[in-house]
Structure formats: C-alpha cells, structure tokens
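Step one of this worksheet: look at the structure below.
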Amino acid sequence: MSAPLFLLVPLLAQLGAPLPRTAMPEVDPQTRREQAQPAPTSATTRETDCIVLVRSDPPAALDFAGNWRDESASMSERAAAEHCRGMAAAALDRWDDAEEAFRAARDSTPANERTARARLGLLAGNAALARGEAGRAIEALDEAQSEAIGAADTKLGGEIAIDRARALVALGREADAAGALAQARSQVPDNAQGWLLSATLSRRQGKLVDAQAQIQHAAELLPIDPEIGLEAGVIAALSGRDEAARKSFRSVITAAPGSPIARTAQSYLDQLGPEASSPGR
Numbered sequence: 038m039s040a041p042l043f044l045l046v047p048l049l050a051q052l053g054a055p056l057p058r059t060a061m062p063e064v065d066p067q068t069r070r071e072q073a074q075p076a077p078t079s080a081t082t083r084e085t086d087c088i089v090l091v092r093s094d095p096p097a098a099l100d101f102a103g104n105w106r107d108e109s110a111s112m113s114e115r116a117a118a119e120h121c122r123g124m125a126a127a128a129l130d131r132w133d134d135a136e137e138a139f140r141a142a143r144d145s146t147p148a149n150e151r152t153a154r155a156r157l158g159l160l161a162g163n164a165a166l167a168r169g170e171a172g173r174a175i176e177a178l179d180e181a182q183s184e185a186i187g188a189a190d191t192k193l194g195g196e197i198a199i200d201r202a203r204a205l206v207a208l209g210r211e212a213d214a215a216g217a218l219a220q221a222r223s224q225v226p227d228n229a230q231g232w233l234l235s236a237t238l239s240r241r242q243g244k245l246v247d248a249q250a251q252i253q254h255a256a257e258l259l260p261i262d263p264e265i266g267l268e269a270g271v272i273a274a275l276s277g278r279d280e281a282a283r284k285s286f287r288s289v290i291t292a293a294p295g296s297p298i299a300r301t302a303q304s305y306l307d308q309l310g311p312e313a314s315s316p317g318r
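Each residue of the sequence shown is one higher than the one before, starting from 38 at the first, in the numbering used here.
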C-alpha cells in the first residue's frame, strides 16, 4: 500500500487579532481533512471503493473499513483497511480515531517498506496535531523521519520536517523547530510552506531580517497566496515599513475577497491607520 505525501496550508491568523508577534500558523481543519484522504497512487478495488465512500458517505466508509479490517487475511490488507479507517475518521473530524488507525496501518506495514511506513507515520502525526496533541505528534513524526532516512527519501524527510517544526514549536522547542525548518529548506527548497513557516518562526524570534528574506522566497514560489501575503504584511509592519505592509494586506483582500483571511488583513490595515499625507497635499 502506498499513499501520497501531503502539504499543509496554514491559516495564519484569527479574525480580528492584533498584529501578531509570536503566533505560529495554524492549519484549517478542512485542509487537514482533505490532506488525510487523497486516493492512493495504485489503488486496489477496495481502496478505490473506500475513497469513493470517504468522499460521499464518511460514516459508511468507517463501517466499510471496519469490516474490511476484520476480514483481512494478510498484514498488507490490514494496513490498507486501517488506512481507509483513518481517512474516514478524519473526514468526520474524529482525529483520535484517525491517529489510532494511521498508527495501526503503519504498524501493519512490513518493516522493509520504509517509505510507506514514513507516510503513514506522517498521517498519524498530523492527526495528533489536529487534536492539539503535540507530544504524540512529535513521537509519530520522529518515527516517520527515521523511516524516511532509512528509505533514503530526502524529499519525504523534508516534508515531514515541516510538520515536526509545527509540533516542536507547540512544545516550546523553538531551536529544534528552527533546525527542522533548515532541513526542510534544504531538502524541499521548492516547498513554499517550509519558507513561510521559517519566516513566521524567525518573526516570532525577533529575527526580522531573516523573516523578510524567507517570506520573499516563499512569495517567489507562490506569488499570489493569501497566507504568504498576510505574513509578509505582518513582517513589514513589525519592521516599520507601513506602506509595504499596506500593499501586502491589500493583496490578500484582492486575492481572497470576503474570506476570513481577507477580513484579518483588513483588520490589520485598520490598525495601521490612514496613510500619511505627502508634503504639499
């Protein structure tokens, strides 16, 4: 069994919040649900049936997965059934069940299938993060990282490092998180989320010069992205570059009109106040 890797798209701030100095990006629950349920790259008939049910009737998918697991005649079948159960539980926001299922799928996957085990460990870590269990998340993600190293899969290792950084920040281990993000930037340099999170961590550590360079790189990778635009505006505002901040916040409103992130950008614009009048005006 195999499952593709998932990127996390952060929601950078809450509506009406003050300009943040220390907040780290959070992940939209809907995004997490979507990340937990892509179709496998080479699906069996039962896996395909599971995907269809997860998308159309998650409770039925959960029953389907349970029956499949109970009937499994091999470890590989059990792993696939547990993966299905995890996807169904995630679709229902039952993140404790999703974590347990993804861990079970990982444990049922043969030891020599290290890439598959790493990907399932990543899913278990994400489920733990979704329910605010950073300690359990880092446990699963550390194990996933070890599997990725064993598989010599540097791209997978870099993407796991991004989620490890989230968990490490939640645990107050900012220096370790910075190391994880340095790994991510090295191993998946085209992943804009790694650069975005790097900029956010640098900003919360007061390293605004580093934060500016990192958010610029994220913007080069994803030129029209509301989350990146919002973080760019926050960094500019905290650096005293109010006009650049206004430009970034306006770009968020243009890119995602009427959305929560656009309302956050507007609230930040309001906090900056009116632009200073030019001489002679």
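Ideal Cβ placement from N, Cα and C applies to all residues, glycine included.
Small disclaimer: the values here were computed from a predicted structure and weren't measured.
Task: Neighbour-count burial assignment, residue 124, 16 or more Cβ in a 10 Å radius - done: One-based indexing of the sequence shown puts residue 124 at position 87. The residue in question, residue 124, is buried, as its Cβ has 16 or more Cβ neighbours within 10 Å.
Task: Same chain, Cβ closer than 6 Å to residue 312, neighbours up to 5 away in sequence not counted - done: For the purposes of this step, residue 312 is taken as the residue at position 275 of the sequence shown. For residue 312, where only same-chain residues beyond five positions count, there are no Cβ hits under 6 Å.
Open item on the list: Are the CB atoms of residue 181 and residue 155 within a distance shorter than 7 Å?
Closed with: Walking along the sequence shown from the start, residue 155 turns up at place 118. Walking along the sequence shown from the start, residue 181 turns up at place 144. A contact, by the Cβ cut-off of 7 Å.
Open item on the list: For the ligand ATP, is there any heavy atom lying closer than 6 Å to the beta carbon of residue 280?
Closed with: This structure lacks the ligand ATP, and indeed carries no ligand of any kind.
TODO: Enumerate, from N- to C-terminal direction, the unbroken alpha helix (DSSP H) stretches of 4 or more residues contained entirely within the stretch 191 to 251.
DONE: 191 to 207, 211 to 224, 229 to 241
Open item on the list: Rounded to whole angstroms, what is the Cα-Cα separation between residue 270 and residue 285?
Closed with: As a position in the sequence shown, residue 270 is number 233, starting the count at 1. As a position in the sequence shown, residue 285 is number 248, starting the count at 1. Their backbone Cα atoms lie some 5 Å apart in a straight line.
- [ ] Using a threshold of 7 Å, state whether the C-beta atoms of residue 108 and residue 138 are closer than that.
- [x] The residue you call residue 108 lines up with position 71 of the sequence shown. The residue you call residue 138 lines up with position 101 of the sequence shown. Their beta carbons are not under 7 Å apart, which means residue 108 does not touch residue 138 by this criterion.
Task: Three-state secondary structure (DSSP) of residue 100 - done: Walking along the sequence shown from the start, residue 100 turns up at place 63. If DSSP states are grouped into helix, strand and coil, residue 100 belongs with the helices.
Open item on the list: Can you look up residue 109 in the DSSP assignment and give me helix, strand or coil?
Closed with: If you number the sequence shown from 1, residue 109 lands on position 72. Looking at residue 109 - three-state DSSP - the assignment turns out to be coil, as it is neither helix nor strand.
- [ ] Tell me, please, whether the stretch 156 to 164 touches the stretch 193 to 212 by the rule of three or more beta-carbon pairs shorter than 8 Å.
- [x] yes
Task: Residue burial classification, residue 104 (beta-carbon count within 10 angstroms, cutoff 16) - done: Start at 1 with the first residue of the sequence shown, and residue 104 comes out as number 67. By the 10 Å Cβ count, residue 104 comes out exposed.
Task: Collapsed DSSP secondary structure at residue 50 in the structure displayed - done: Here residue 50 is taken as the residue at index 13 of the sequence shown, counted from 1. With a pLDDT of only 28 at residue 50, under 50, the local geometry of the prediction cannot be trusted, and the value read off the model is given with reservation. If DSSP states are grouped into helix, strand and coil, residue 50 belongs with coil.
- [ ] Could you name the residues of the same chain whose beta carbon sits closer than 6 Å to that of residue 99, not counting the 5 residues immediately before and after it, in chain order?
- [x] The sequence position of residue 99 within the sequence shown is 62, counting from 1. Excluding positions up to five away in sequence, the list reads 125.
Open item on the list: Just to confirm the assignment: which complete alpha helix (DSSP H) runs, minimum length 4, are found wholly within the stretch 242 to 296?
Closed with: 245 to 258, 263 to 275, 279 to 292
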